[in-house]
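So in UniProt numbering, spot 131 of the sequence shown is number 131, and the numbers just go up one at a time.
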Amino acid sequence: MTKAPPLPAPAAVLTAERLTKRFGRLTAVDDVSFDVRPGVVTGFLGPNGAGKTTMLAMLAGLVRPTSGRVLLGGTPLQERSPQARTIGVAIEACGAHPGRSARQHLRILAGFARLPRTRVEEVLALAGLTEVAGRRVGTFSLGMRQRLGLAAALLGDPEVLLLDEPANGLDPEGIRWLRTLLRERAERGRAVLVSSHLLSEAAHTVDDVVVVRQGRVVHAGPIADLTPSSGVWVRTDAPGRLTEAVVRAGGRITPDVTSGRYLIDGLDAPTVAEVTRRAQVDLHELTPQSTSLEDVFLDLIGARS
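Spelled out as structure tokens, the structure:
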């Protein structure tokens, strides 16, 4: 039976094409390009000051780039006149007047976007705010304001959702709710771009990842490409026989000239011990190596000591 070819990756619904943004002499974003795909949660990772918020604002059409362009469905963003049904944005906690209730705030936004009032009640329920919808926003906690900002972004059931640090202020239950919400959006074919400093949460939530440093993209692609590496460090006086035994067992071996050790990939520590025992290779060291996702991220942004 002939194996079916793999399905092609979905075309990008939102594209940053050589985006640059300067504020006077400061270059906040420098020649940035990446894609956001439908049906995918894309994580936007980087340290404070990396330019993430400025990039999100340009993608949303809120800030005009100095050069480059944003494509929405293959069309330049300025030609699409993005509306609530195309792009939903939550860059601040909510931006609501503190004297208005959550319901009033959403009704005003729905009116501007020509959306039915019934949608207001739907997103209030989706965000878990129905019981507090009549309270003034000024009495809300940071987590409640985050939920209100997300409710506003979801009003038009948009094709693309752009979120800046939406987990800030959320308790563990809120973070679980957010994770479920983002995954459900992707499963419905929507595109989600979410910035975050929570690497462990990104590992559980996102499919693609864009890592930025000092206004530039240093990595863009599936998060699986950042899967932490592992291996086994060994030391021996018989490198020839060690190499022969490791290769025969299906592993790979790389010498480290500085330390005089060898890094074995593709075999775990117990297998290396058994392989070398059978080959009668004496080991003076056998140390498993493991690199965390956080280590990979810190290497990419140049922050690992």
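The beta carbon of each residue, even a glycine, is placed where N, CA and C say it ideally should be. Because the structure is a prediction, the values reported are computed rather than measured.
- DSSP, reduced to helix, strand and coil, places Thr75 within a strand of the structure shown.
- Distance from the CA of Pro38 to the CA of Gln214, rounded to the nearest whole angstrom, comes to 27 Å.
- No residue range can be given for Leu129, since it is assigned to no beta strand (DSSP E) and is classified by DSSP as neither H nor E.
- Non-local C-beta neighbours of Pro222 in its own chain, meaning closer than 7 Å and more than five positions away in sequence, comprise Asp207 and Asp208, ordered along the chain.
- Taking one beta carbon from each stretch, the segment 45-52 and the segment 73-86 have fewer than 3 pairs nearer than 8 Å; the two do not touch.
- Ala90 is the residue among Gly134, Ala90 and Leu106 whose C-alpha sits nearest the C-alpha of Gln146.
- In the DSSP assignment, Ala151 falls within the alpha helix (DSSP H) that extends over Leu142 to Ala153.
- Membership of His197 in any alpha helix (DSSP H) is not indicated, and neither H nor E is assigned to it by DSSP.
- Between Val41 and Arg188, the beta carbon gap of about 12 Å keeps them out of contact (Cβ cut-off 8 Å).
- The three-state secondary structure of Ala90, taken from DSSP, is strand.
- Considering only Gly260, Leu56, Asp225 and Gly74, the residue with the shortest C-alpha distance to Ser196 is Leu56.
- Judged by DSSP in its simplified three-state form, Asp35 adopts strand.
- By the 16-neighbour rule on beta-carbons within 10 angstroms, Thr139 is exposed.
- When Cβ pairs closer than 8 Å are counted between the two stretches, the segment 261-270 is seen to touch the segment 229-241, the count reaching three or more.
- Looking at the backbone, the Cα of Val296 and that of Gly231 are separated by about 15 Å.
- A direct Cα-Cα distance of roughly 18 Å separates Leu162 from Met144.
- A residue is called buried once 16 or more other Cβ atoms fall within 10 Å of its Cβ, and Pro158 is buried on that count.
- In the displayed model, Gln214 falls within coil according to three-state DSSP, outside both helix and strand.
- Burial of Thr15 is indicated by the presence of at least 16 other C-beta atoms within 10 angstroms of its C-beta.
- By the Cβ-count criterion, His284 is exposed, with fewer than 16 other Cβ atoms from all chains shown falling within 10 Å of its own Cβ.
- For Glu165, there is no enclosing alpha helix (DSSP H), as DSSP gives it neither H nor E.
- The Cβ neighbour count for Leu142, taken over all protein chains shown within 10 Å, is under 16; the residue is labelled exposed.
- Arg252: member of the beta strand (DSSP E) spanning Arg252 to Asp256, first to last residue.
- One Cα belongs to Ser33, the other to Val212, and the distance between them is close to 11 Å.
- In the structure shown, the three-state DSSP call for Gln104 is helix.
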